[in-house]
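Only one structure is covered here, and it is reproduced in the block below.
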């Protein structure tokens with residue numbers, strides 16, 4: 018973009034500076050452009066998290082960490098199955114600066130499991146599962162909790178109560194410091210999801226339109242003090258949709274709780290949202306990073322030139338093959354109110 022501005026005459030591109038042209042440029046303009054250039058360099062951008070260790074050529078999503086950030090739980094999806102894809106919950110541990118190979122946790126692997134979320138105190142793990150509940154007519158998605166007793170040591174999963182789990186689908190749990198549970202459910206709608214809050218001992222309440230909008234809103238992450246909620250949503254006017262024949266995909270949003278009410282949701286910027294699917298936002302326990310999952314790939318159509326067989330296989334076997342990976346970006350990218 019800077020090369021399109023008349024700072025330097027054409028002779029500069031041949032190795033000669035046109036001092037007369039430079040002299041005609043306002044110092045204020047030069048200073049302003051310097052600020053813009055510096056700002057563009059300093060703008061935070063997403064980076065792949067743990068490439069080759071947690072972000073691989075497989076389909077990973079929905080990462081969550083213990084408070085010491087030395088254990089990660091996430092979902093590994095079998096992209097070759099029908100919708101919804103078969104999925105298991107895995108864990109991995111940070112050892113000597115590297116993440117150990119993921120292992121399926123012992124309470125997962127029979128039914129569809131997903132949406133792991135570590136409680137703020139690190140003592141429990143919430144998750145969603147389609148394992149059948151006693152008294153339910155169908156194996157809909159419901160919410161469970163399991164005790165974290167140490168590295169790769171767990172209690173027995175227990176379903177949450179009837180106030181939470183209904184005959185509809187309940188997914189994407191996220192807990193705050195005071196024990197309030199935020200989650201998504203399609204109860205009462207028959208199609209799209211909305212986000213609910215269940216305060217301790219109280220029935221769930223649907224969040225207002227400042228949060229719940231579009232055709233479906235889900236995957237909430239609530240700040241420990243409930244001052245901020247991050248979520249994914251479909252069908253909003255500001256969603257990034259590619260041309261051609263796009264599939265329905267979510268973008269990421271946030272809403273801040275100020276003056277005792279939720280503020281209108283903001284579409285996340287700084288390269289967080291793309292034409293691909295972005296999902297499962299969360300904040301690291303130390304508050305420094307926004308984590309999310311993305312299906313962005315290193316291949317955009319139409320191509321400038323055709324790829325041969327070896328090049329196609331290289332793309333398909335790379336991390337950027339269109340399956341979901343983990344990304345992170347400094348929390349400053351959220352541009353939160355002070």
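Numbering (the working numbering), first residue to last: 18 to 355.
Beta carbons are placed, not taken as given, at the ideal position from N, Cα and C, and that holds for glycine.
Please give the ranges of any alpha helix (DSSP H) in the segment 271-307, keeping only runs that are unbroken, at least 4 residues long and fully inside the region. none
Per-residue DSSP class, three states only, for residue 86: Numbered from its first residue, the chain shown carries residue 86 at position 69. Looking at residue 86 - three-state DSSP - the assignment turns out to be coil, as it is neither helix nor strand.
3-residue-minimum beta strand (DSSP E) runs that sit fully inside the segment 100-146, ordered along the chain | Correct list: 103-112, 130-135, 141-146.
field: residue 101 classed as buried or exposed, judged by whether at least 16 other C-beta atoms fall within 10 angstroms
entry: In the chain shown, residue 101 corresponds to position 84, counting from 1. Exposed is the label assigned to residue 101, since fewer than 16 other Cβ atoms lie within 10 Å of its Cβ.
### Query
According to DSSP, is residue 39 helix, strand or coil?
Along the chain shown, read from residue 1 onward, the residue named residue 39 stands at position 22. Legend: pLDDT at residue 39 = 35, less than 50; position of this residue unreliable, no value from coordinates given.
Going by C-alpha to C-alpha distance, which of 166, 167, 190, 168 sits closest to residue 176? Numbered from 1 along the chain shown, position 159 holds the residue referred to as residue 176. The residue with the shortest Cα to Cα distance from residue 176 is 190.
Closest by CA to residue 312, which one among 294, 324, 303, 351? Reading the chain shown from its first residue, position 295 is the one you call residue 312. Residue 312 has its Cα closest to that of 294, out of 294, 324, 303, 351.
**Prompt:** Looking at residue 342 and residue 72, is the spacing between their C-beta atoms short of 8 angstroms?
**Reply:** In the chain shown, residue 72 corresponds to position 55, counting from 1. In the chain shown, residue 342 corresponds to position 325, counting from 1. The answer is yes: Cβ separation under 8 angstroms.
C-alpha distance - residue 271 paired with residue 187, whole-angstrom precision
Counting from 1 along the chain shown, the entry for residue 271 is found at position 254. Counting from 1 along the chain shown, the entry for residue 187 is found at position 170. Rounded to whole angstroms, residue 271 to residue 187 spans 21 angstroms at the Cα level.
Discussion item. Could you compute how far the alpha carbon of residue 199 sits from the alpha carbon of residue 238?
Written reply: Your numbering for residue 199 matches position 182 in the chain shown. Your numbering for residue 238 matches position 221 in the chain shown. Distance between the alpha carbons of residue 199 and residue 238: 8 angstroms.
Quiz item: Measuring CB to CB, does residue 266 end up less than 8 angstroms from residue 308?
Solution: Stepping through the chain shown from its first residue, residue 266 is reached at position 249. Stepping through the chain shown from its first residue, residue 308 is reached at position 291. Not in contact: residue 266 and residue 308 (Cβ atoms no closer than 8 angstroms).
Problem set entry | Three-state class that DSSP yields for residue 348 in the structure shown | The sequence position of residue 348 within the chain shown is 331, counting from 1. Residue state, collapsed to three classes: helix.
### Query
What did DSSP end up calling residue 330 once you bin it into helix, strand or coil?
On the chain shown, residue 330 is found 313 positions in, with the first residue counted as 1. Here residue 330 sits in helix by DSSP.
Per DSSP, residue 92 forms a beta bridge with which residues? Taking the first residue of the chain shown as 1, we reach residue 92 at position 75. Per DSSP, 78, 106.
Start and end of the beta strand (DSSP E) containing residue 237? Residue 237 sits at position 220 when you count from the first residue of the chain shown. Unbroken beta strand (DSSP E) run through residue 237: 233-239.
Give, in chain order, every unbroken run of the beta strand (DSSP E) that is at least 3 residues long and sits entirely within the segment 169-218. 187-192, 198-202, 211-215
Three Cβ pairs or more, each shorter than 8 angstroms: is that satisfied between the segment 112-132 and the segment 158-172? yes
**Message:** Taking 6 angstroms as the limit between beta carbons, can you name the residues of its chain near residue 315, skipping five residues before and five after?
**Reply:** To locate residue 315, count along the chain shown from 1; it is residue 298. Only 337 meet the Cβ criterion.
| message | Rounding to the nearest angstrom, what Cα-Cα distance links residue 350 and residue 290 in this structure? | response | Against the chain shown, residue 350 aligns to sequence position 333. Against the chain shown, residue 290 aligns to sequence position 273. Residue 290 has its alpha-carbon roughly 12 angstroms from the corresponding atom of residue 350.
With 16 other CB atoms within 10 Å as the buried threshold, where does residue 333 fall? Within the chain shown, residue 333 is the residue found at index 316, counting from 1. Residue 333 comes out exposed.
- Task: Measure from the alpha carbon of residue 103 to the alpha carbon of each residue in 222, 226, 148, 282, then state which is nearest.
- Result: Position 86 of the chain shown, counted from the start, is the residue given in the question as residue 103. Comparing Cα-Cα distances from residue 103 to each of 222, 226, 148, 282, the minimum goes to 148.
**Message:** Would the segment 271-285 count as touching the segment 239-252 if we require 3 or more Cβ pairs under 8 angstroms?
**Reply:** Cβ pair count under 8 angstroms is three or more, so yes.
Requested in this report: Please work out which residues of its chain come closer than 7 angstroms, Cβ to Cβ, to residue 84, disregarding the five sequence neighbours upstream and downstream, and give them in chain order.
Outcome: Within the chain shown, the letter at position 67 stands for residue 84. Contacts found: 139, 302.
Quick check on DSSP: helix, strand or coil for residue 64?
Sequence index remark: in the chain shown, residue 64 carries index 47 (1-based). It is a strand residue.
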